[in-house]
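Protein chains in written order, with this note's numbering: chain A, 752 to 1144; chain B, 355 to 739. Note that beta-carbon positions come from the ideal geometry of N, C-alpha and C, so glycine has one too. As the structure is a computational prediction, the values presented were derived from the model and not from experiment.
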Amino acid sequence: MADLDFEGWVCPLPLRDSPTVVMGHGGGGAMSAELIEHLFLPAFGSAADAGLGDSAVLEVGGTRLAFSTDSFVVKPMFFPGGSIGDLAVNGTVNDVAMSGARPLALSTAFILEEGTAVEQIGRVAQALGHAAEVAGVRLVTGDTKVVDAGHGDKVFVNTAGIGVVPAGIDIAPRRARPGDAVLVSGDIGVHGVAVMSCREGLEFGTEVESDTAPLHGLVATMLDAVVAAAAPAEDRNGGGNNGGTVGGNGGSNEGGDDGAATSATGSGGPIHVLRDPTRGGVAAALNEIAKAAGVGVELVERDLPIPQPVRDACGLLGLDPLYVANEGKLLAFVAPEHAEQVLEAMRAHEHGKGAVRIGTVVAEHPSMVVTRTGLGGTRVVDLPIGEQLPRIC
Amino acid sequence: MKYLDEFSDPELAGHLLDQIRATATRPWAIMEVCGGQTHSIIRHGIDQLLPDAIEMIHGPGCPVCVTPLEIIDKALAIAAQPDVIFCSFGDMLRVPGSSQDLFRVKSAGGDVRVVYSPLDALNLARQNPDKQVVFFGIGFETTAPANAMTVYQAKRLGIENFSLLVSHVLVPPAIAAIMESPTCRVQAFLAAGHVCSVMGTYDYPELTQKYQVPIVVTGFEPLDILEGIRKTVLQLESGRHELENAYARAVPEQGNPTARRMLEDVFETTDRAWRGIGMIPGSGWRLSDAYRGWDAEARFDVGGIHTDESPICRSGEVLQGLIKPHECAAFGKECTPRNPLGATMVSSEGACAAYYTYRRLEAPATGAAPVAPDAPAEPVGVGRG
């Protein structure tokens, strides 16, 4: 044992110094974040101006545009409840909607692998078109490339989307503040379990179908509810002057100047943060928000809406539903006095029927998410590292 | 799922905790052998809810954690070879060998695949006759029957391009080794329920008598664990040392006779090194003579690989229950789940990873400021033994 040279010893994990990309870099957890912070942002230099939310908000000629892009590499292409085509629309629509924006248009880019059945591409394209119709967004530009057989995986899709942010709305991770109610729009872990259930080598029977859905209608409903209620009382000072350069000033509110919580509620609206918890699940999304705002999040485990089939599948595979992906759910951080009314509005919408409060933002343990367990203990809900790995036994 | 939710009921848990509180009159140190139990205890905060008198010591029952570095290095060497499809359970991919892990081998072009059943690996062998397909057969008596079945089937079906890299370990010899240790603090064991569901409970009465130590076969859900602890404390308080079964819904005395016959056919007992602990005589299985032809170690000529372990990692002492994870100077500093020095920090069943993941936030009862995310934390329930 004593022979090991620790001076020259390089730990094989976290692959921080990995010369090659590993799968965990795409897992939406700590490794993904590190790739962005330590590789992309420094490499982009002064051109980088990303707020690191789901979408950027840009002011163009007096209008604030939300802008986002996402690539879709899901395997299998078709799964219970949806396909890569549905995800390509809904994923980007939702990223845009998480700024409070109304999505307008998408670009679509296909990277096709030589030898893929044209019929399959047709089905994906059809699903994509249908999803866009349902979401009410136009597909306005696109691109197609083909790569050699073996250099892709049948079809990769990239979409980018733009939308318009209503005046007076400022929704961004940094706006989370102590006291906020943490809401979720319905059952969690559904999409991830649906996809896993038909993944090669893991097929298992479940009635779960992906929850993939466009959420901008739900967001609009939530915004309407609080605008209607808040307008007479507090929102007079919020109209139009608070847009700022949302993408660029992420630092200004960090550190949690808690004293200003109440008065700040009116500026930008009482819905402070919206997030669709996709890769990395609810756990990753909450950790990112907690870090961006310098606040803590306290969850109540027994309040988490985890449907029985998801509980069962996770129990079998040794996975935690908090880390399993969702494609049609959102998390909302809402000023406490508006929480009930937002919940009510969410429940009246088809994509928010199962909305519940799952936790609270606290000033304690900044940047950490903690849950009270069903038995009454507590535990930290950490950012996943890479991909969640099924346990051995 | 039936048998999952019923065994997490907070009210019933409260009753069991009350009974444990009422029974325990002095400090007792109980080891849960299995990593699955450790995970459950920490995840549900059971150790926080137990009375101060009861100290849970986290045992060496995480299969990922105790697989020796040398075997990991052999796995990496095999996986990196051309024309090899290397199959493994998911959580072995992240375990660091001495210079890399399977994820990195995969990234560098190795064909490394996660399978959920070893029989999937055998199917891969049939589908890829021009490749050598290797399955990483690690784990306790729990994973062994399925692994044995693959080799049995490979022989029966004449599948020559399949082999098993075997590093199986056995619970009863580990319990004996812990009790023989001069620094042993363990006064009772929660035996691993799943191991007993395969092997039965025949090995344990002898251990209870030889070492005068209570052993209670225990399951994995919160109520299972609390019931195991309750039975253990009753024995300790009354001076008994017997085998009891608190997991009867899954564990008959004879275990699973079909699986045991398969194991006896395919494997034979061997001395086995445990990561962080060292060589324990008769504590492992290797392929028996009749199946030696499917042994990946022989097929790929990796016998020359010998690896030593990190000198600053104290996972061996953690695995033996001599220290709690946070008492290691490297815990949360040099050693984190992203940067593990020892295997106990890698698997979610590893005691160090469980403490790091779930117990970084332990604000003292006085309400003092909680620790920062990356600082080592003082877990609740530590230092009361």
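Contacts with chain A (Cβ-Cβ distance below 7 Å) from the region 400-415 of chain B involve 400, 402 and 403, listed in chain order.
Taking the Cα of residue 591/B as reference, the smallest distance to any Cα among 567/B, 612/B, 602/B and 579/B is reached at 567/B.
About 25 Å separates the Cβ atoms of residue 523/B and residue 438/B, ruling out a contact at the 8 Å cut-off. In the DSSP annotation of this structure, the continuous segment of the beta strand (DSSP E) that includes residue 543/B starts and ends at 542-546.
Contact residues of the region 1100-1134 of chain A toward chain B are 1115, 1116, 1118, 1119, 1121, 1124, 1125, 1126, 1127, 1128, 1129, 1130, 1131 and 1133 (C-beta to C-beta distance below 8 Å). With a threshold of 8 Å between beta carbons, residue 959/A makes no contact with chain B.
Distance from the CA of residue 482/B to the CA of residue 1027/A, rounded to the nearest whole angstrom, comes to 41 Å. Excluding sequence positions up to five before and after residue 688/B, its CB lies within less than 8 Å of the CB of 666 and 695, all in the same chain and listed in chain order. If you check each beta-carbon in the region 522-540 of chain B against every beta-carbon of chain A, none falls closer than 7 Å. One Cα belongs to residue 1049/A, the other to residue 1110/A, and the distance between them is close to 5 Å. Contact between the region 812-819 of chain A and the region 864-877 of chain A is absent: fewer than three C-beta pairs spanning the two stretches fall below 8 Å. For the region 546-557 of chain B, the set of residues with a beta-carbon nearer than 8 Å to any beta-carbon of chain A comprises 548, in chain order.
DSSP assignment within the region 437-461 of chain B yields the following whole beta strand (DSSP E) runs of 3 residues or more, N-terminal first: 438-442. Along the region 600-681 of chain B, the beta strand (DSSP E) occurs as fully enclosed runs of 3 or more residues at 621-628 and 632-641, listed in sequence order.
The three-state secondary structure of residue 1100/A, taken from DSSP, is coil. 576/B is the residue among 621/B, 576/B, 627/B and 684/B whose C-alpha sits nearest the C-alpha of residue 1126/A.
Using a Cβ-Cβ cut-off of 8 Å, residue 774/A is close to 457, 460 and 461 of chain B, given in chain order.
Distance check between residue 644/B and each of 447/B, 706/B and 618/B places 618/B closest, using alpha-carbon atoms only. Per DSSP, residue 910/A is one residue of the beta strand (DSSP E) stretching across 906-915. As the crow flies, the alpha-carbon of residue 1102/A is around 11 Å from that of residue 972/A.
Within 10 angstroms of the beta-carbon of residue 597/B lie 16 or more other beta-carbons, which makes it buried.
When beta bridges are read from the DSSP output, residue 538/B appears opposite no residue. With 16 or more other Cβ atoms from the protein chains shown falling within 10 Å of its own Cβ, residue 1033/A counts as buried.
Taking C-beta separations shorter than 8 Å and ignoring five residues to either side along the sequence, the partners of residue 462/B in its chain run 434, following chain order.
Contact between the region 606-616 of chain B and the region 579-589 of chain B is absent, with fewer than three C-beta pairs closer than 8 Å.
Within the region 480-532 of chain B, the complete alpha helix (DSSP H) segments at least 4 residues long are 498-511, listed from N- to C-terminus. Looking at the DSSP output, residue 694/B bridges to nothing.
Contacts with chain A (Cβ-Cβ distance below 7 Å) from the region 466-494 of chain B involve 469, 470, 474 and 493, listed in chain order.
Shortest Cα-Cα distance from residue 890/A to any of 897/A, 898/A, 896/A and 881/A involves 881/A. In the same chain as residue 957/A, and ignoring 5 residues on each side of it, the C-beta atoms closer than 7 Å to its own belong to 944, 948, 1060 and 1064, in chain order. Its chain contains 935, 936, 937, 939, 962, 1027 and 1028 as the residues whose beta carbon lies nearer than 7 Å to that of residue 1080/A, once the 5 sequence neighbours on both sides are disregarded; these appear in chain order. Excluding five sequence positions before and after residue 415/B, the CB atoms of its chain that fall closer than 6 Å to its own CB belong to 387, 388, 389 and 546, given in chain order. Leaving aside the five residues that flank residue 625/B on each side, the residues in its chain whose CB is nearer than 8 Å to its CB run, in chain order, 633, 634, 635, 636, 637 and 638. For residue 852/A, no CB of chain B lies under 8 Å from its own CB, so it is not counted at the interface with that chain. By the Cβ neighbour-count rule, residue 896/A is exposed, with fewer than 16 other Cβ atoms within 10 Å of its own. Legend: CB atoms of the region 780-794 of chain A lying less than 7 Å from CB atoms of chain B belong to residues 781.
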